[in-house]
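Residue numbers (this note's numbering): 181 to 390. Using N, Cα and C, we set each Cβ at its ideal position, and we do this for glycine too.
See below:
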């Protein structure tokens with residue numbers, strides 16, 4: 181079934197009352213299996229400093245905060261509605277200085293160089309203005325040897341939903357791997373999918389050490 185222009189716009193950047201009230205839950209439900217796969221492969225420790233790019237409804241962010249109790253958690257999202265929603269949910273963590281959430285784009289992250297030990301993103305690369313610039317910026321804020329886990333849907337699956345008609349940038353696993361290797365990452369591994377028929381892929385990569 182083709183997705184309407186309105187829903188496609190809300191998937192990209194939830195806005196208004198509809199986005200605040202409905203899209204967070206929808207994104208959490210729709211991405212739950214991919215989020216769990218990414219979480220598993222982050223291999224978190226209590227002292228990690230973790231960045232999630234495009235946290236949406238906050239499902240994965242919530243899981244991360246429970247595992248990283250002596251470290252630091254940050255998130256960046258395009259949508260003011262999602263950031264507002266998440267700031268309410270994670271208010272106590274924010275007050276403690278343990279968690280910070282920002283409105284922003286992956287191509288211009290508000291963090292210093294070599295800060296995070298782990299980073300992740302799930303089903304967001306279609307909305308980046310430039311895939312290479314996004315990976316390069318994530319590499320900048322990761323420590324040398326830091327881990328990035330990327331979850332995304334195959335271009336063909338998204339095309340079947342008509343998302344290519346709504347300015348979604350669709351990528352094959354080969355294109356994502358090439359962009360990672362060309363922009364500061366090594367040891368790029370395509371992980372087994374949680375469902376071989378789903379078209380969901382997950383890459384595990386490390387920031388180059390030199």
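- Task: Would you kindly work out how many angstroms separate the C-alpha atoms of residue 380 and residue 296, rounded to a whole number?
- Result: Between residue 380 and residue 296, the C-alpha separation is close to 26 Å.
- Task: Quick one: grab the DSSP three-state call for residue 353.
- Result: Residue 353: helix per DSSP, three-state reduction.
- Item | DSSP-derived helix/strand/coil call for residue 370 | strand
- Query: Once you ignore the five residues that flank residue 390 on each side, which residues in its own chain have a CB closer than 8 Å to its CB?
  - Reply: 324
- Skipping 5 residues on each side, what residues in its chain have a beta carbon closer than 6 Å to that of residue 260? 283
- Helix, strand or coil for residue 326 per DSSP? Strand, per DSSP.
- Residues sharing a beta bridge with residue 255, DSSP: 232 and 281
- Message: Under 8 Å: do the segment 295-312 and the segment 356-366 share three or more Cβ pairs, one atom per stretch?
- Response: Because the criterion of three Cβ pairs below 8 Å is met, the segment 295-312 and the segment 356-366 touch.
- Query: For the alpha helix (DSSP H) that contains residue 249, what are its first and last residues?
  - Reply: Unbroken run through residue 249: none, as it is neither H nor E.
- Message: Using only CA atoms, which one of 307, 273 and 303 lies nearest to residue 287?
- Response: 307
- Message: Using only the alpha-carbon positions, how far apart do residue 249 and residue 278 sit?
- Response: 8 Å
- Taking all protein chains shown into account, do 16 or more other C-beta atoms lie within 10 angstroms of the C-beta of residue 333, making it buried, or fewer, making it exposed? Buried, since its Cβ has 16 or more Cβ neighbours within 10 Å.
- Query: Under a three-way DSSP split, which group does residue 276 fall into?
  - Reply: coil
- Where does residue 227 land, buried or exposed, given buried means 16+ other C-beta within 10 angstroms? exposed
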